[in-house]
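Student: Please read through the structure below; I'll follow up with questions.
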Amino acid sequence: MMLARVADSLYWMGRYIERAEHVSRLSDVMLTASLDATGDAPRAARTALGASEDIDEGKTAVDVALSLILDREDPGSVIVSVARARENARQVRDQITSETWERLNLLFLRITSPDAKRQFDQRAVTYLHEVISDLHLFKGAVDSTMSHGEGWRFLMLGIYLERAQLIARLLDASFGEAAQGSPLSDHLSQMGLLRMACALEPYLRVYTADIQPRLIQEFLLFNEDFPRSIRFSTARIEEHLRALAGHGNVQASGTPERLAGRLSSRLRFADLEETASSGAGGLLATISQDCGRIHEAIYGAFVAYPLEQHLPT
Amino acid sequence: MACLGDLRRVDDHDPLDRPPSAAYRPGVAYDEMYDKDAGVRAHYAALQSRISTLGAGELADRQRTLEQSFLLQGITFTVYGAETSTEQIIPTDLFPRIIPAAEWAKIEAGLAQRLQALNLFLADIYGDQIILKDGVVPRDLVLGAPAYRREMQGLYVPHKAYANVCGSDLIRNEAGEFVVLEDNLRVPSGVSYMLANRDAAKRTFPGTYRTSGVRSIERYPDMLLATLKSLAAEWRPNPQVVVLTPGVYNSAYYEHAYLARLMGAPLVEGRDLVVHDNLVYMRTTVGLKRVDVIYRRVDDDYIDHLTFRRDSALGAAGLFNAYRAGNVVIANAPGAGVADDKAVYAYVPEIIRYYLDQEPILSNVETYLCREPKQLGYVLDNLDKLVVKAVGASGGYGMLVGPHASAQERSDFAQQLKADPSNYIAQPTIQLSTAPCLVDGAIEPRHVDLRPFILCGDKIVVTPGALTRVALKRGSLVVNSSQGGGSKDTWVLMGENDTAAAGDQPA
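Below, the structure written as structure tokens:
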């Protein structure tokens, strides 16, 4: 049992944390790719941007990365995500452990310090590396100091829903409709894509260095063990929602649980061959839609439920 | 305490080319560390000898570490600028202020006596008003006070404890005696700084802390919870306590969240509460959950816009009716502020005598009520020596600091005084005591006050510690954080009868 507003804040904290990490990694890969003189940099940047927002030609990779990280006007930037995550954490400061709060606060102070831009200019890749490490430390503190009860589950729900949507968007930008008929084909861009999903090393262990679009999609969509695959994420979403339904007796919570179960099953029993022949676009669109529905259902079941159902008679 | 103005300047000296403590020169005020002959007071000896082994660099390092830890914990307030907002910590000084056991025993007894009397007074005022009928306190002064709440008349209040959490402001005068400057019975804040300062001091001077025999304050949160639970009806065996905050933008939000976390109570906002059939619920993820006790950190005016201010959305509609029906407890009780009114303050010694038949253990600061023609005459004749405050105002507004004002300002103020004398009180300007503080690498005397915290449910508990507020500007007597004030830890030493375990028990 916890306050509905608090559950909502924890959920959004999770979403913003995941978003910050993802955008940091996109920028990191993009910057690193731009160092290579092979001419694939623009393509990597387009993939990253297509997966995050609109493409503005004529900007250098460093400019783009800078605005993705430190632009307070850009609602998708890392600084905005971290600030919002912290704002939500502040709202629920009594619900999270001091260790968790201090990790997030430290990152916030680092990224909002007047010195941040200079640090980024001087050693952008290192800087991004540190931001990502900080986010991992935060998640570590969440995992090892918070009770794995209701509040933690709302936080994890936020993280996994955001992750499923972000990976779906990344795949869509690379191979789906958003790739506008020119799916990623060259080896380096494909490696870049795997890096953006933090998936390169785990991928290599499964498929060796044989990198193919079909295998990449298979891995990021259907792998059971990789924590950033969509199947893994949706399985966690289902698991957390089932546990949350067990915490209380809200009948309405059946809705998000049912939606999540359906999505999870879809991925568990999907036919790889069928997906490969018709393109992943259809499946990606479904995933995206279902995630949106689950989001709304969570809100309706736990946060903004109609009072009439609960008033004592 | 926004009242006394910047009245005295300590002699200038050049601190930087000497060891940090050699330059310490207390002024005419009572100094907490040194006696009149510049000898170190016995209870400060351990700290003084520790400080004298530390160089300026080491002290600065410790101060920096201290500030860093406050920033990291988020013990900050937000300063909104034109483009960005930055967060700042409340300035904190690393040297603890030390109070020996014997002095504390008197403070403790005095505060308990005072709160007991004030709660009896409130029960009387909101009951039969016998004290008014007996003419001990003027009727119009009480019933006309801005904090008087007619809605509270005749309501049941558990244990007749109207003020459950009280933070009194004490000062030490030139004679070294502690006197009460103000009783805070509304929503006093600062207790989180008391606790955070203690954590910091333990890290800054661990050895000195261990050997000094300092009484523990760690049990404040569970004492607070016990106090709040003691207010719930006995047929509610496991009462749900919540902390009601105005929200994340309130300057004391950190404290609200801190107390909620340490008590394990939900931190709710008005929008989380629902009142139905005179029962209060909070909206949880599994539906509505009944609330029994609300520790509210929202002013009276804002707790229920159906009863009090209509333009407020910080409270919950219908909350006061639920309270009236006895289905929820609000702590502190609405209307408790009438007993810390600046004009009522002057009558507190009389109130103590009236209800308890005892002499007050702690004195008041001498106060002139301008509503009394004789006293008004005295005030008008001595405007250049007095501090005059408007009764209803706070935060330094509507105030004249006589010794500081120009002749023109004084004569203007005299006109206002004559026009509405009952709205003003006057007090002599008092030199607050000084304590050593680290300022720009040197140890200098700064004026301090003392805010202890007292809890009152089924019994009265005085926490053996306090927030010491510091006027960081040299010579300034204003300790408010809004005006360059800071804080420091306060060590209450164990007496012969106190053991470590008893250190946190009520006397």
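Residue numbers (our numbering), protein chains in the order written: chain W, 1 to 313; chain F, 314 to 820.
From the three backbone atoms N, C-alpha and C, an ideal C-beta is built for every residue, glycine too.
Please go through the same chain and pick out, in chain order, the residues whose beta-carbon is closer than 7 Å to the beta-carbon of P332(F), but skip the five residues on each side of it.
Tutor: Model confidence at P332(F) stands at a pLDDT of 48, short of 50, so the residue's coordinates are unreliable; what they give is reported in the following sentence. So no residue of the chain qualifies.
Student: Any beta carbon from chain F within less than 9 Å of E102(W)'s own beta carbon?
Tutor: Yes - at least one Cβ of chain F is within 9 Å of the one on E102(W).
Student: Given a limit of 9 Å on CB to CB distance, which residues of the region 579-600 of chain F reach chain W?
Tutor: Flagged, chain order: P579, L580, V581, E582, R584, D585, V587, H589, D590, L592, Y594, M595, R596, T597, T598, V599, G600.
Student: Buried or exposed for I444(F), going by 16 or more other Cβ atoms inside 10 Å?
Tutor: Buried.
Student: With 9 Å as the threshold, decide whether the Cβ of Q386(F) is near any Cβ in chain W.
Tutor: Taking Cβ atoms only, chain W reaches closer than 9 Å to Q386(F), which makes this a yes.
Student: How would you write the range of the alpha helix (DSSP H) that M576(F) sits in, first residue to last?
Tutor: Unbroken alpha helix (DSSP H) run through M576(F): 566-576.
Student: At least one CB of chain W closer than 9 Å to the CB of A703(F): is that the case?
Tutor: So no, A703(F) is outside the interface.
Student: Here's the rule: buried if 16 or more other CB atoms are within 10 angstroms of the residue's CB, otherwise exposed. What is V92(W)?
Tutor: V92(W) comes out buried.
Student: Could you spell out where the alpha helix (DSSP H) holding L751(F) opens and where it closes?
Tutor: That residue, L751(F), is in no alpha helix (DSSP H); its beta strand (DSSP E) goes 747-752.
Student: Rounded to whole angstroms, what's the CA-CA distance from K731(F) to T97(W)? Just pull it up for me.
Tutor: K731(F) and T97(W): Cα-Cα distance of roughly 57 Å.
Student: By how many angstroms is the C-alpha of Y469(F) removed from the C-alpha of R637(F)?
Tutor: For R637(F) and Y469(F), the distance between alpha carbons rounds to 8 Å.
Student: At what residues does the beta strand (DSSP E) containing M595(F) begin and finish?
Tutor: Run containing M595(F): 592-597, per the beta strand (DSSP E) assignment.
Student: Kindly indicate the opening and closing residues of the beta strand (DSSP E) around R764(F).
Tutor: Note, R764(F): beta strand (DSSP E), 764-769.
Student: Among H356(F), G650(F), Q376(F), which has the Cα closest to the Cα of K801(F)?
Tutor: With distances taken between Cα atoms, K801(F) lies closest to Q376(F).
Student: Got a sec, what are the start and stop residues for the beta strand (DSSP E) I773(F) sits in?
Tutor: Segment 773-784, the beta strand (DSSP E) holding I773(F).
Student: Is it a yes or a no for the region 507-521 of chain F touching the region 446-460 of chain F, going by three-plus beta-carbon pairs under 8 Å?
Tutor: As far as the Cβ criterion goes, the region 507-521 of chain F does not touch the region 446-460 of chain F, which means the pair count is below three.
Student: Distance, Cα to Cα, D670(F) vs E663(F)?
Tutor: Computed Cα separation, rounded: 10 Å.
Student: Taking buried to mean at least 16 other C-beta atoms within 10 Å of its own C-beta, is V341(F) buried or exposed?
Tutor: Exposed, since its Cβ has fewer than 16 Cβ neighbours within 10 Å.
Student: I need the boundaries of the beta strand (DSSP E) containing P758(F), first residue and last residue.
Tutor: Here the beta strand (DSSP E) through P758(F) covers 755-760.
Student: Distance check for G423(F) and G770(F), CA to CA, integer angstroms please.
Tutor: Taking the straight line joining both Cα atoms gives about 18 Å.
Student: What runs of the beta strand (DSSP E), each 3 residues or longer, lie entirely inside the region 655-723 of chain F?
Tutor: As far as the region 655-723 of chain F is concerned, its whole beta strand (DSSP E) runs of at least 3 residues are 699-703, 712-714.
Student: Which residues of the region 566-577 of chain F have a Cβ closer than 7 Å to any Cβ of chain W? Give them in chain order.
Tutor: Per Cβ criterion, the list reads A570, A573, R574.
Student: Among residues of its own chain, excluding the 5 on either side of L284(W), which ones have a beta-carbon nearer than 7 Å to its beta-carbon?
Tutor: Excluding residues within five positions, the ones whose Cβ falls inside 7 Å are A168, L171, D172, G176.
Student: Which residues, taken in chain order from the region 297-310 of chain W, show a beta carbon closer than 7 Å to some beta carbon of chain F?
Tutor: Taking 7 Å as the Cβ-Cβ cut-off against chain F, the residues of the region 297-310 of chain W that qualify are F302, L307, H310.
Student: Under the three-state reduction of DSSP, which class applies to W12(W): helix, strand or coil?
Tutor: Helix.
Student: Could you give the first and the last residue of the continuous alpha helix (DSSP H) run that contains F298(F)?
Tutor: No answer is possible for residue 298(F): the residues shown for chain F start at 314 and end at 820.
Student: Any idea which residues DSSP pairs V554(F) with across the strands?
Tutor: Note: V554(F) sits in a beta bridge opposite V606(F).
Student: Under a three-way DSSP split, which group does W152(W) fall into?
Tutor: Residue state, collapsed to three classes: helix.
Student: Using CA atoms only, rank isn't needed, just tell me which of R103(W), V206(W), Y160(W), S174(W) is closest to S144(W).
Tutor: For the residues R103(W), V206(W), Y160(W), S174(W), the minimum Cα distance to S144(W) belongs to R103(W).
Student: Using the three-state DSSP reduction, which class does L601(F) fall into: helix, strand or coil?
Tutor: Reduced to three states, the DSSP call for L601(F) is strand.
Student: What residues in the region 1-27 of chain W bring their beta carbon closer than 8 Å to a beta carbon of chain F?
Tutor: So the close ones are M1, M2, L3, A4, R5, V6, A7.
Student: Answer with yes or no whether the minimum CB distance from K602(F) to chain W is below 9 Å.
Tutor: Yes, its Cβ sits closer than 9 Å to a Cβ of chain W.
Student: Below 8 Å, can you find three or more Cβ-Cβ pairs linking the region 160-167 of chain W to the region 231-242 of chain W?
Tutor: Yes: the two stretches touch, three or more of their Cβ pairs being nearer than 8 Å.
Student: Would you report the Cα separation of L241(W) and A61(W), rounded to the nearest angstrom?
Tutor: Going from the Cα of L241(W) to the Cα of A61(W) covers about 40 Å.
Student: If distances are taken between C-alpha atoms only, which option among E547(F), A546(F), P534(F), R622(F) comes closest to V556(F)?
Tutor: Of E547(F), A546(F), P534(F), R622(F), the residue nearest in Cα terms is P534(F).
Student: Please list the partners that V267(F) has in chain W, where partner means a Cβ-to-Cβ separation under 9 Å.
Tutor: Coverage of chain F is limited to positions 314 through 820, which leaves residue 267(F) absent and any answer about it impossible.
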